[in-house]
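Sequential numbering from 2 applies to the sequence shown in this note's numbering. Structure, as structure tokens:
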Amino acid sequence: QVQLVESGGGLVQPGGSLRLSCAASGSIFGIHIMGWYRQAPGKERELVADITQGGTTTYADSVKGRFTISGDNAQGTVYLQLNSLKPEDTAIYYCNADQFGVKYWGKGTLVTVSS
Numbered sequence: 002q003v004q005l006v007e008s009g010g011g012l013v014q015p016g017g018s019l020r021l022s023c024a025a026s027g028s029i030f031g032i033h034i035m036g037w038y039r040q041a042p043g044k045e046r047e048l049v050a051d052i053t054q055g056g057t058t059t060y061a062d063s064v065k066g067r068f069t070i071s072g073d074n075a076q077g078t079v080y081l082q083l084n085s086l087k088p089e090d091t092a093i094y095y096c097n098a099d100q101f102g103v104k105y106w107g108k109g110t111l112v113t114v115s116s
């Protein structure tokens with residue numbers, strides 16, 4: 002079992018920045034991919050960015066050039082730097098880890114972008 006805990010959400014003005022952190026605990030051996038998803042009110046959960054054990058990253062088109070994912074899957078840590086935030090980035094952001102094909106989720110951290 003893998004437990005994921007996110008931190009770093011909050012209220013920020015448009016154009017501002019935040020840094021989200023996620024730490025995995027438990028049996029973290031074999032985590033292949035860690036990433037961030039988000040779910041806005043009334044919308045489905047969507048991939049924001051992920052990073053493989055080898056360091057390959059993937060980003061949603063809507064966040065390319067603004068968000069940066071980093072971390073160390075072997076250590077069970079992943080971060081998301083959010084820059085140039087827009088109101089449409091408002092959502093609950095969830096940390097995700099894929100271990101031997103099993104997906105684990107954190108409880109989420111709320112990011113609100115508003116003036």
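Every residue gets a Cβ at the ideal spot worked out from N, C-alpha and C, and that includes glycine.
Residue i in three-state terms, based on DSSP
i, result
"SER8", "strand"
"GLU45", "coil"
"SER26", "strand"
"SER71", "strand"
Counterpart residues of residue i in DSSP-defined beta bridges
i, result
"ILE34", "THR53 and ASP99"
"GLY109", "Answer is none; GLY109 lacks a bridge partner."
"LEU19", "LEU83"
"VAL64", "Answer by DSSP bridge pairing: none, since VAL64 is not bridged."
"GLN40", "ILE93"
Best match in the options for proximity to residue i [C-alpha to C-alpha]
i, options, result
"SER71", "SER85, ALA50 and PRO15", "ALA50"
"ALA32", "PRO15, SER115, GLY102 and LEU83", "For the sequence presented, residue 32 should be read as Ile rather than Ala. Here the closest residue by C-alpha is GLY102."
"ASP99", "GLY10, SER28, SER116 and LEU111", "SER28"
"LEU86", "VAL114, VAL79 and GLY77", "VAL114"
"GLY66", "ILE34, ASN84, THR91 and ALA75", "ASN84"
"GLY77", "GLY16, ILE34, GLY17 and SER18", "ILE34"
"SER63", "PHE30, THR91 and THR110", "THR91"
"TYR60", "LEU81, PHE30 and GLY109", "LEU81"
"GLN54", "THR69, PHE68, PHE30 and GLY10", "PHE30"
Pair within 9 angstroms by beta-carbon distance, residue i and residue j
i, j, result
"SER22", "GLN4", "no"
"TYR105", "GLN40", "no"
"LEU19", "GLY36", "no"
"GLY11", "VAL112", "yes"
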